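Q:
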Amino acid sequence: MTAETELPVRNQLEAYNARDIDAFMRWWSEDCEYYEFPSRLLARGAAEVRARHVARFQEPHLLGSLISRTIVGNLVVDHERVTRSFADGPGEVEVIAIYEVEEGRIRKAWFRTGPRETAPPRIRAATAGDAEAIRDLVRAVYAKWVPVIGREPGPMVADYDHALREHAFALLFSGSTLAGLIETVLRDDHLWVENLAVGPGHQGRGFGRQLLAHAEREAARAGRGEVRLLTNGAFEVNIALYGRLGYAITRREPFMGGTVVHMAKVLG
1 MTAETELPVR NQLEAYNARD IDAFMRWWSE DCEYYEFPSR LLARGAAEVR
51 ARHVARFQEP HLLGSLISRT IVGNLVVDHE RVTRSFADGP GEVEVIAIYE
101 VEEGRIRKAW FRTGPRETAP PRIRAATAGD AEAIRDLVRA VYAKWVPVIG
151 REPGPMVADY DHALREHAFA LLFSGSTLAG LIETVLRDDH LWVENLAVGP
201 GHQGRGFGRQ LLAHAEREAA RAGRGEVRLL TNGAFEVNIA LYGRLGYAIT
251 RREPFMGGTV VHMAKVLG
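In terms of full-length UniProt numbering, the numbers along the sequence shown are unbroken and rise by one, the last being 268.
Next comes the structure, spelled out in structure tokens:
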């Protein structure tokens, strides 16, 4: 019953991020009600909910990220972080959403939205003093893959004191917290991405996209027309993300009993 209750909420969030209004509305009942918590009615019926979201789906920065989810009976309570487009650019708000599910669709929903977070994430170049923080972040990010591939992935055992002398690192901070990084190497005809990592508590907020975009800008500034990377074939989520961002698989090859996937993006 828990999986059945969660299904429409999970699928409508995926459709929200894809800005697919038909897929989004598939999970709302015809007589649905949409409230600002606790009782201010914002939309009644599927037509009004659709109209509300058709307008929202035009926002260029729209992204909803799930922080946590609790299911109690036929209620799903989500803690979400949503990126919206404001007059002065993108900003984030925290949202508590309560969904009442009946017969496989959302019958009622209540939303409480927090204030806009005004401090955007910032990216800076790493220094030698960042080695320990980089090591801690990378180990936290890749720990989930150890049971999948049966060993610690390469980034978990890398020597970051040495890597900081040889490679370029861009660090992304959310407030004062190191949230992600990208490690790159400038080669003769392309920019190589050695590692892209976003902390477990910061995933789903577009930080990986921002770091890759930063690397692509650096490649273009250096006169390189292509960005290349590889990832473990078992990391299907990563492969899918790179694919959505324009990276194509160029080859696969065996490695330590598994497969590595090479990908590349030609910069326009």
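C-beta atoms are modelled at their ideal positions from N, C-alpha and C, and glycine is treated no differently.
These numbers come from a predicted model, not from an experiment.
Just checking my contact of Glu-48 with Gly-64 at CB under 8 Å: how many whole Å lie between their CB atoms?
A: That pair is no contact at about 20 Å.
Q: From which residue to which residue does the alpha helix (DSSP H) around Pro-155 run?
A: Element bounds for Pro-155: 154 to 157.
Q: So who's on the other strand from Leu-186, going by DSSP bridges?
A: DSSP output for Leu-186 lists Leu-191 as bridge partner(s).
Q: Classify Lys-265: buried if its beta carbon has 16 or more other beta carbons within 10 angstroms, exposed otherwise.
A: The residue in question, Lys-265, is buried, as its Cβ has 16 or more Cβ neighbours within 10 Å.
Q: Leaving out five residues on either side along the sequence, give the residues of the same chain with a beta carbon under 6 Å from the beta carbon of Pro-155.
A: If we look at Pro-155 and ignore the five residues flanking it on each side, its Cβ neighbours are Val-138, Tyr-142, Asn-195.
Q: Runs of 3 residues minimum, wholly inside the segment 93 to 170: which ones carry the beta strand (DSSP E) assignment?
A: Runs of the beta strand (DSSP E) inside the segment 93 to 170: 105 to 113, 122 to 125.
Q: Determine the direct distance from the alpha carbon of Leu-211 to that of Asp-179, and round the result to whole angstroms.
A: One detail in the question is off: residue 179 reads as Ala in this sequence, not Asp. Cα-Cα distance, rounded: 11 Å.
Q: For Ser-68 and Gly-223, what's the separation of their Cα atoms in angstroms?
A: Straight-line Cα distance between these residues: approximately 42 Å.
Q: What would DSSP say about Leu-267, mapped onto helix, strand or coil?
A: Residue state, collapsed to three classes: coil.
Q: Measure the alpha-carbon distance for Gly-150 versus Gln-203 and round it to whole angstroms.
A: Cα to Cα, Gly-150 sits roughly 23 Å from Gln-203.
Q: Report all residues from its chain with a CB closer than 6 Å to the CB of His-61; omit the five preceding and five following residues, and keep chain order.
A: Cβ neighbours of His-61 beyond the five flanking positions: Thr-83, Ser-85, Pro-90.
Q: Output the distance between the C-alpha atoms of Arg-124 and Arg-19, rounded to the nearest integer angstrom.
A: Approximately 31 Å, taken between the alpha carbons.
Q: Whose CA, out of Ile-182, Phe-235, Gly-45, lies closest to the CA of Arg-209?
A: The shortest Cα separation from Arg-209 among Ile-182, Phe-235, Gly-45 belongs to Ile-182.
Q: For Gly-208, does the three-state DSSP call read helix, strand or coil?
A: DSSP places Gly-208 in helix when its eight states are reduced to three.
Q: Under a three-way DSSP split, which group does Asn-74 fall into?
A: In this structure, Asn-74 counts as coil in the three-state DSSP scheme.
Q: Could you pull the DSSP bridge partners for Pro-38 from this structure?
A: Answer is none; Pro-38 lacks a bridge partner.
Q: Considering only C-alpha positions, which residue in the set Gly-257, Arg-40, Leu-229 is nearest to Arg-251?
A: Closest by alpha carbon: Leu-229.
Q: In terms of residue numbering, what span does the beta strand (DSSP E) encompassing Leu-229 cover?
A: Per DSSP, Leu-229 belongs to the beta strand (DSSP E) from 226 to 232.
Q: Flag this pair as touching only if the segment 96 to 111 and the segment 163 to 175 have three or more C-beta atom pairs under 8 Å; answer yes or no.
A: Segments in contact, no.
Q: For the alpha helix (DSSP H) that Pro-254 lies in, which residues bound it at each end?
A: Where Pro-254 is concerned, there is no enclosing alpha helix (DSSP H), although the beta strand (DSSP E) it sits in stretches over 248 to 255.
Q: Do you know how far the Cα of Ile-96 is from the Cα of Ala-158?
A: Their backbone Cα atoms lie some 39 Å apart in a straight line.
Q: For Gly-175, which of helix, strand or coil comes out of DSSP?
A: Coil, per DSSP.
Q: Which one of Tyr-34, Glu-253, Phe-57, Thr-177 has the shortest CA to CA distance from Arg-112?
A: Answer by Cα proximity: Tyr-34.
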